[in-house]
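The next block holds one structure in the form of structure tokens; read it before the comments.
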Amino acid sequence: MAYEFYQNTLTVPAALLYEDGEILTKPNYDKLCRVGKIRRAREGKGLGNYALVEFDTIPERFRVKIIKKLGYPPKKQVQHQILKYRSTDYEAVDFFATYMIDEHRTLSPEHQEQYVADAEMLQALDAYIKEMKMFRKSRGGSITKVWVDAAKALAEVKEQTGHKLPGTDRRLRDKLEAFQKDGYKSLISEKFLGKNAAKVKDPAQEALLRSILRDHRNLDNEMIARIYEHTAQVMGWKSLTASGIANYRKLWKLYTYGGNHGEKAFDNYVGMTVKRTAPSSPLLYWTLDGWDSELYYQRTDEKGTTYHNRLTMVVVLDPSLKYPIGYAIGRAETTDLIRQAIRNAVLHTEELFGTKHKVLQIQSDNYGKKAMLPIYEAFSQHYTPAKVGNAKSKVIEPWFNYFNKKYCQLMSNWSGHGVKAAKQPNPEYLQKIKASFPDEFGCTAQLTAFIEREREELREKFLQAYAEMPDDAKKFVTEQEFLLHFGQETGFLNSRSHSGIAPKIEGIRYYYDSFDMDFRKYDSLSWRIKYNPEDLSQVLAYNEEHQLRFLLRQKHEQPMALYDRMEGDGEQLQLVRSFNREIKNEILEVQAEDARTVSEFFTDHKELDGSLVKTLLTDSRGQHKNLKNAKRLETAQKMITKQEVKEQKKTENDWTQAQEQYLKQKVNLNKYLEND
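If you use the numbering used here, the sequence shown corresponds to residues 862 to 1537, in order.
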């Protein structure tokens, strides 16, 4: 079905209006035709004929539905000139449909249609006047009768459009000026304007009523009506009913909601929120938070056994795939538990990618921010704490709901969805089975298994996403950084000796040293030792007072017997010898440089001749003893080199002899002699 022009009149098939009930019903259609609201252009009598109704006689509210269904009607081949400027004003339709006459009533459908028609024709009139003036001026014609002609044109289409605009040019001009000044409200009859908001129209009334509505005690409508009544009687204002108060509460919600519910609620439910997209790759953004898990466990202490205990789980989530990159489980959320969760996240990146990684940005709430800030800043380029009270800014909040529903809800010790949730487990049944609840260790095992299962499901996608991410977005964690922030401490101070640093870790003595020459420059200091229990091959020596730290390696143990040597022992021995040679060379270079500097010093300062210090440091000719013996220094250097070569050859010979001895033990030469 579509629009049709019948005898130069735009029509639509009558069946379109009622056949599917979307526009109006058949009884309603018949009634509108009977009272003349809808005019048939053609009856549906005769073979092949069907009824047509004039489109312009259909009430406006139904015309809007037809347009939504069929689209805008085609232009009529022959129509009055002014109708070319008329178009459907949906803004007017909305304004008059929602206009309140008083606290209970809106405009009737008939008045809405009339006012919409008036608005559309006034806008058409304005465009018509402007074009007629331009047209006549361009041809040197007079424009004095433009308004008279416009009034005549409006009168000719009055029945067709249904408008009720004035018929004289003067009143028509006034009507258009009022419309341009006051908008749609200027078209509403005075009898409706007089009742609309008549009970509250003084600024003092509005301010008083809004103040009561926004009161922090959240007074109900009945109470506010009674409070307002007393002031209204004194001031001569009209009283308000509870339903009237309810309407004003809706009208002024923007201005009263914050007072009723607080700034946090206002920001979350009234203020504009930011729509965000998930990170494009892993390790770009992490968010973390603590959650009281919805699993009960039983705990026994000196006071007895309790069954409604719940563990807290801190989760570090990578929102790119909602992957739980880190977690820690404890009795309560603490800064130490948060630290453990981030530590777990860093270690898990090493499990996944072979190297410990940082993240570019990390977000958390403000709990323990001061204590955790050094860790947040050390393991991310940007730390962005969530705004206080803004739970919606953290994507991890809905993830906890997902995790609770997917895993925890299936357990017999599930505690529910939270205190405010409607659907909760049967408390009576929970009471009956409470003795079967796991202990703290068992509940921890439940949560750990759930996290690991979730990781396993997402692992392949996460690894693939990592492989595709840009290299410049991958930031690595050094062992120094990891041990400084996450290393455990022995609880004692240690100093370096000839055997290095020898801390006791979990009751066992370990030996560590550093190939960094600077470490030996601070032999006077004591060091705190930080270690990773999972990897004791290296530790961190840390001096907080001087802010010094060195990464120490576990010392390689060389066998005393050459026979016991294993692969790699020789290389480790050579590393130590090379390091010692570098130290000696450094000492000799400094000694020689000092000799030259002191010699130049005494040469430039003759006043020191005969002084004790010069006598001590120079020979009888005034030359620095070390400078005099420079050749001896060179000889010493050569001797060191020669000695090292000799030791190297000795080591090689010893090794050869050891191998020969070994082979002799393994091979029975007598066996071959007997055969001969």
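Glycine is no exception: its CB is placed at the ideal position from the N, C-alpha and C atoms.
According to DSSP, is residue i part of a helix, a strand, or is it coil?
i	result
Ser1047	helix
Ala1012	helix
Ser1142	coil
Val1095	helix
Ser1181	coil
Tyr1130	helix
Leu893	helix
Gln1349	strand
Gln1224	strand
Val1528	In this prediction, Val1528 has a pLDDT of 48, which is less than 50 and means its spatial position is unreliable; nothing more can be read from the coordinates.
Ser1356	coil
His1024	coil
Gly907	coil
Phe1298	coil
Tyr1168	strand
Thr1102	coil
Ser1072	helix
Arg1370	strand
Thr1362	Sequence check: residue 1362 is Ile here, not Thr. In the structure shown, Ile1362 sits in a strand (DSSP, three-state: E or B).
Between which residues of its own chain and residue i is the CB-CB distance below 8 Å, once the five residues before and five after are set aside?
i	result
Lys858	Nothing about residue 858 can be reported from this structure: the residues present for the chain run from 862 to 1537 only.
Glu1405	Arg1389
Gln975	Gly1023, His1024 and Lys1025
Phe923	Leu878, Ile884 and Leu885
What first and last residue would you give for the alpha helix (DSSP H) that runs through residue i?
i	result
Arg947	Careful: Arg947 lies outside any alpha helix (DSSP H) and carries neither H nor E.
Ala1189	Looking at the DSSP string, Ala1189 is not in any alpha helix (DSSP H); the run it does join, the beta strand (DSSP E), is Tyr1184 to Gly1191.
Asp1379	Run containing Asp1379: none; DSSP gives neither H nor E here.
Asn1197	Note that residue 1197 corresponds to Asp in the displayed sequence, not to Asn. Residues Thr1196 to Phe1214.
Gln1285	That residue, Gln1285, is in no alpha helix (DSSP H); it is neither H nor E in DSSP.
Tyr1392	Unbroken run through Tyr1392 is the beta strand (DSSP E), Trp1388 to Asn1393; no alpha helix (DSSP H).
Tyr960	Here Tyr960 belongs to no alpha helix (DSSP H), and DSSP marks it neither H nor E.
Tyr1263	Ile1257 to Lys1267
Pro970	Pro970 to Ser999
Evaluate residue i with the Cβ neighbour count: other Cβ atoms within 10 Å of its Cβ, from every protein chain shown; 16 or more gives buried, anything less gives exposed.
i	result
Ala875	buried
Ile1444	exposed
Leu878	buried
Glu1020	exposed
Phe1462	exposed
Glu1155	buried
Asp891	exposed
Phe1311	buried
Asp950	buried
Glu1535	At Glu1535, the pLDDT of 49 sits below 50, so the modelled position is not reliable; the number obtained from the coordinates is stated separately. Exposed, by the Cβ-count rule.
Glu1541	Since the first and last residues shown for the chain are 862 and 1537, residue 1541 lies out of range.
Tyr867	exposed
Leu1324	exposed
Gly1105	buried
Lys1217	buried
Ser1297	exposed
Asp1081	exposed
Thr1309	exposed
Going by the C-beta, is residue i closer than 7 Å to any heavy atom of the ligand SAM?
i	result
Gln1159	With respect to the ligand SAM, the structure offers nothing, as it holds no ligand at all.
Starting from residue i, trace the beta strand (DSSP E) both ways and give me its first and last residue.
i	result
Arg1442	From DSSP, Arg1442 is part of no beta strand (DSSP E) but of the alpha helix (DSSP H) over Asp1430 to Asp1465.
Asp867	It should be noted that the sequence gives Tyr, not Asp, for residue 867. Note, Tyr867: beta strand (DSSP E), Glu865 to Tyr867.
Gln1419	No beta strand (DSSP E) holds Gln1419; DSSP gives it neither H nor E.
Arg1414	Leu1409 to Gln1415
His1243	Ser1241 to Tyr1244
Ala902	Arg901 to Arg903
Glu915	Leu913 to Glu915
Excluding the five sequence neighbours on either side, which residues of its own chain have a C-beta within less than 6 Å of the C-beta of residue i, listed in chain order?
i	result
Leu1488	In this predicted model, Leu1488 has a pLDDT of only 48, less than 50, meaning its place in the structure is not dependable enough to derive any value.
Phe1440	Phe1376
Asn1355	Ile1362, Pro1364, Trp1388 and Ile1390
In chain order, what residues of the same chain lie with their CB nearer than 7 Å to the CB of residue i, ignoring the 5 residues before and after it?
i	result
Phe1214	Tyr1327
Thr886	Tyr879
Arg1034	Trp1008
Gln1201	Ala1189
Three-pair Cβ contact test at 8 Å for the segment 1361-1373 versus the segment 1303-1322: The segment 1361-1373 makes no contact with the segment 1303-1322; the number of CB pairs closer than 8 Å stays below 3.
Touch test, the segment 1381-1399 against the segment 1349-1357, Cβ-Cβ under 8 Å, three pairs minimum: Yes: at least three Cβ pairs fall under 8 Å.
Three CB pairs or more closer than 8 Å across the segment 1111-1131 and the segment 1087-1101: Judged by Cβ distances under 8 Å, the segment 1111-1131 makes no contact with the segment 1087-1101, as fewer than three pairs qualify.
Stretch pair the segment 1120-1137 + the segment 1063-1078: three plus CB contacts closer than 8 Å: Because the criterion of three Cβ pairs below 8 Å is met, the segment 1120-1137 and the segment 1063-1078 touch.
Any 3 or more C-beta pairs closer than 8 Å across the segment 978-992 and the segment 1024-1038: A contact exists between the segment 978-992 and the segment 1024-1038.
Meets three-Cβ-pair contact criterion under 8 Å: the segment 1189-1206 and the segment 1132-1142: Contact between the segment 1189-1206 and the segment 1132-1142 is absent, because fewer than three Cβ pairs lie under 8 Å.
The segment 1374-1381 in contact with the segment 1406-1414 per 3-pair CB rule at 8 Å: These segments touch.
Validate contact between the segment 1263-1279 and the segment 1155-1165 using beta carbons, cut 8 Å, 3 pairs: They touch, by the three-pair rule.
Meets three-Cβ-pair contact criterion under 8 Å: the segment 942-959 and the segment 903-916: Too few Cβ pairs lie closer than 8 Å, so no.
Sufficient close CB pairs (3 or more, under 8 Å) joining the segment 994-1010 to the segment 884-900: Counting Cβ pairs under 8 Å, fewer than three are found: no touch.
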